[in-house]
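A quick write-up on the structure given underneath.
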Amino acid sequence: ACDEFTGHVINLLREQSRSRPISPAEIELMVGIIRRKFRAIETQLKQSTCEAVMILRSRFLDARRKRRNFSKEATEVLNEYFYSHLANPYPSEEAKEELAKKCGITVSQVSNWFGNKRIRYKKNIVKAQEEANMYAAATAAAAAAASSSTSGPGQSASVDEHSVGYGHSGYDYDESMGLQRAVPQLSCSTDHEAWMAGGITPSSMDEPDRKRSKL
DNA sequence: ATTCATGATTGGTT
DNA sequence: AACCAATCATGAAT
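Just so it is clear: in the first sequence, position 178 is 178 by the UniProt record's numbering, and no numbers are missing.
In C-alpha cells form, the structure reads like this:
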C-alpha cells in the first residue's frame with residue numbers, strides 16, 4: 001500500500017514537472033517523507049489494535065471473574081427444582097439443559113449453582129432452611145390445585161408457624177429433620193441417594209469455625 | 001467502610 | 001467426569 005501510494009505521488013510530481021521544474025532529489029525527499037509517515041501510522045495502528053484486543057479479551061474472558069447475580073426468576077426456578085428434588089438434588093444433563101434454557105444461563109452455571117446450593121444447604125441444616133418449606137408449599141399448592149376437585153376440605157398445609165427464634169438459642173435438630181421430611185419427595189432416586197448421609201451436624205457451630213456463610 | 005450473599009474458580013477425591 | 005470443599009471476588013445491604 002505504501003509503495004502504491006508513493007507511486008501515485010511520483011506520477012503526480014512528474015506531471016507537475018511539466019509546468020514547474022522538479023529535481024529528482026525533491027522526489028526522493030518526498031518519498032522519504034511518505035515512507036516515514038507510513039511506518040509511523042503502521043506502528044501506531046498496530047499498537048492501538050493490540051490494545052483494543054487486550055481490552056476485549058479482558059472484557060469477555062475475564063467475564064468469569066465478574067459475577068452478575070442471576071435474575072429473581074432464574075433463582076426461583078432453580079430453587080424450585082432443588083427443593084422439589086431435595087432427596088436427590090442432582091439434575092441430569094438433560095435437566096440441566098432444561099433449567100439452563102429456562103433461566104437464561106449456561107449448563108455449567110446450572111452445575112455451579114447446584115454445587116453451591118448443595119454445599120451451602122448442607123451447612124445450615126440446623127438453622128432453618130425455611131426456604132424449603134416455602135418452595136415445598138408452593139409446589140404443594142400447585143399440586144393441590146391440580147387435585148382440588150370434588151373432595152371438599154382437603155386443602156394444603158399452611159405456611160407456617162415455626163418460630164425458630166432467630167436468636168440461635170436452641171438446638172433444634174428435630175425440627176430441622178422435620179423440615180427435611182416435610183418436603184414432598186417424588187424421588188426416583190438413582191445414585192447419590194445418601195448425599196446427606198448420616199452426619200447431620202458435622203462440626204456445627206462453636207469453635208474456630210469462623211467461616212463465612214450464615215443464613 | 002463493613003458485612004453478608006452469591007456466582008465462579010481451584011484443588012483434591014471418588 | 002462429576003462432585004465437594006474451600007476460597008476468591010463482586011454485588012447488595014447495613
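The C-beta atom is built at its ideal place from N, Cα and C for all residues, glycine as well.
Its Cα nearest to that of Cys103, the residue Ser71 stands out among Ser71, Ala138, Tyr83. For the options Leu86, Glu26, Met30, the alpha carbon positioned closest to that of Arg118 is the one of Leu86. For the pair Ala145 and Ser108, the Cα-to-Cα distance works out to about 34 Å. Looking at Arg67, Tyr90, Asn79, the one whose alpha-carbon comes closest to that of Ala136 is Asn79. Taken through DSSP and simplified to helix, strand or coil, Ala1 comes out as coil.
Judged by their CB atoms, Leu13 and Ile27 are nearer to each other than the 7 Å cut-off. In this structure Ala74 touches Ile105 by the C-beta definition: roughly 6 Å separates them, less than 8 Å.
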